[in-house]
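So the structure is just underneath, and the comments pick up after that.
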Amino acid sequence: MTAVPPPAERWTGHVVADDADEDLGPPRSPRQRFWRRFRAQRPAVVAAVFLVLLTLVAVAAPLLAPADPDDQNLREVLAAPGSAGFPLGSDQFGRDVLSRMLVAGRISLLAAAEAVGVAVVLGVPLGLVGAYLGGRVDRWVVRLSDAFMSFPPLILAVAIVAARGPGLTNAMFAVGLVTAPRLLRLVRSSVLAVREETFIEAARSIGTPTGRIIRRHVLPNVLSPLLVQLSLVAAFAMLAEATLSFLGLGVVPPQASWGSMLQEGARFVSLAPHLVIFPGVAIAVTVLAFNVLGDGLRDSLGREIRRGS
Numbered sequence: 001m002t003a004v005p006p007p008a009e010r011w012t013g014h015v016v017a018d019d020a021d022e023d024l025g026p027p028r029s030p031r032q033r034f035w036r037r038f039r040a041q042r043p044a045v046v047a048a049v050f051l052v053l054l055t056l057v058a059v060a061a062p063l064l065a066p067a068d069p070d071d072q073n074l075r076e077v078l079a080a081p082g083s084a085g086f087p088l089g090s091d092q093f094g095r096d097v098l099s100r101m102l103v104a105g106r107i108s109l110l111a112a113a114e115a116v117g118v119a120v121v122l123g124v125p126l127g128l129v130g131a132y133l134g135g136r137v138d139r140w141v142v143r144l145s146d147a148f149m150s151f152p153p154l155i156l157a158v159a160i161v162a163a164r165g166p167g168l169t170n171a172m173f174a175v176g177l178v179t180a181p182r183l184l185r186l187v188r189s190s191v192l193a194v195r196e197e198t199f200i201e202a203a204r205s206i207g208t209p210t211g212r213i214i215r216r217h218v219l220p221n222v223l224s225p226l227l228v229q230l231s232l233v234a235a236f237a238m239l240a241e242a243t244l245s246f247l248g249l250g251v252v253p254p255q256a257s258w259g260s261m262l263q264e265g266a267r268f269v270s271l272a273p274h275l276v277i278f279p280g281v282a283i284a285v286t287v288l289a290f291n292v293l294g295d296g297l298r299d300s301l302g303r304e305i306r307r308g309s
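So that you can map any letter, position 82 of the sequence shown is 82 in UniProt numbering, and since no number is skipped, the others follow by simple counting.
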């Protein structure tokens, strides 16, 4: 009589995955494997959901704000949280802190997006072109990034804002400018590893234009580490905006960001600590969410990279 194999050895119709942390299942595309691994990173999922909800709240801030964020009520100055009409209290001008927090969150997220956009526009193309072409072009690109990275980022940003004048746009341009070299270095190192691959050589051999090779073959292969770095750049940009606004080099009153609210509330911290607590907690939690999301993306994409290597 033919022996029946034990249950663990029976054919189930599934392919065993390469990664030890994956359950048995049918073959999956790289995108499906990424989402499966990312969903297993529960802190990263929570961070992503939080950031999405925060973005939605920021977009709808004018509709959600219970009062005009700039409306002053001098008879209710420094009201404690929970006072009538002031769920999170009021500031030194009697303005509703909750309304200002909602609108300021919109400004802070917009500032981070502007800084990331400037860093991507300046850093990614230079890193792609310099590393792919090599030679003199690459040497000049590296020297340019070295020159910017030789200065402390925030000190250089303060100097740029001081030269161009205060304001959110100038501040975020400065932050994007000082973070662009880091994206440039990351993209350059990734391109150097990709440009000698067989599929790149095959594209060159059939006469594919350089621009098309960079767009269609090189750029998709550097997106994984770039996405991870962008989440960290967004966290740094939000901290930098808060720092510059705290120093009076960011948003111009009466416009508010979480950093400017910290700067205004610091003068009254002994009388109304809520003016510092609420924006401080908002900045800390949002920056933590960006960092946790970056860690989750790194772990999920990193496994895919290791499998493909």
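The C-beta atom is built at its ideal place from N, Cα and C for all residues, glycine as well.
Since this is a predicted model, take the numbers as computed values, not measurements.
Quick one: residues in its chain with C-beta nearer than 8 Å to the C-beta of Arg252, no 5 flanking neighbours on either side, listed in chain order? One detail in the question is off: residue 252 reads as Val in this sequence, not Arg. The residues are Pro166, Gly167, Leu168.
Roughly how many angstroms lie between the CA atoms of Pro181 and Arg106, to the nearest whole one? Rounded to whole angstroms, Pro181 to Arg106 spans 27 Å at the Cα level.
Which runs of the alpha helix (DSSP H) at least 4 residues long sit entirely within the segment 133 to 190? Give them in chain order. 135 to 149, 153 to 164
Other residues of its chain near Thr243: CB distance less than 8 Å, five sequence neighbours each side excluded: Leu154, Gly259
So what's Asp96 in DSSP terms, helix, strand or just coil? strand
Just to confirm before moving on: does the CB-CB distance between His274 and Pro81 stay below 8 Å? yes
Cutting at 8 Å between CB atoms, please list the residues of its own chain near Gln263, excluding the five before and the five after it. Ser245, Phe246, Leu247, Gly248
How many whole angstroms separate the CB atoms of Arg195 and Ala131, which I take to be in contact at a CB cut-off of 8 Å? 7 Å
Quickly, what does DSSP pair Ser83 with across the bridge? List them, please. In the DSSP output, where bridge partners are listed per residue, Ser83 has Phe86.
Sub-8 Å separation of Arg100 and Gln72 beta-carbons: no
Whole alpha helix (DSSP H) runs in the segment 260 to 285 with 4 or more residues, listed along the chain? none
Which term fits Thr198, buried or exposed, when burial requires 16 or more other beta carbons within 10 angstroms of its beta carbon? exposed
Three-way DSSP call (helix, strand, coil) for Glu201 in this model: helix
Using the C-alpha atoms, what's the distance from Val52 back to Phe290? 11 Å
Assuming residue 339 and Gly123 make a contact with CB atoms under 8 Å, what is their CB distance in whole Å? Coverage of the chain is limited to positions 1 through 309, which leaves residue 339 absent and any answer about it impossible.
In its own chain, which residues sit with a C-beta less than 6 Å from the C-beta of Ala112, not counting the 5 before and 5 after it? Ala234, Ala237, Met238
Within 10 angstroms of its Cβ, does Asp91 collect 16 or more other Cβ (buried), or is it exposed? buried
Given 8 Å as the limit, is there contact between the segment 286 to 300 and the segment 39 to 48, that is, 3 or more CB pairs closer than that? yes
Can you list, in chain order, the residues of its chain with a C-beta nearer than 7 Å to that of Ala174? Leave out the 5 residues immediately preceding and following it. Cβ neighbours of Ala174 beyond the five flanking positions: Ala157, Ile160, Val161.
Just to confirm my understanding: we take Leu232, look at its own chain, exclude 5 residues before and 5 after, and list those with CB closer than 8 Å. What are they? Phe290, Asn291, Gly294
Quick one: what does DSSP say Leu249 is sitting in, helix, strand or coil? Of the three classes helix, strand and coil, the one that applies to Leu249 here is coil, per DSSP.
Out of Leu78, Phe278, Glu114, Asp70, which one is the CA nearest neighbour of Phe268? Leu78
Can the beta-carbon of Val222 be found closer than 8 Å to that of Ser190? Yes, these two residues count as a Cβ contact at 8 Å.
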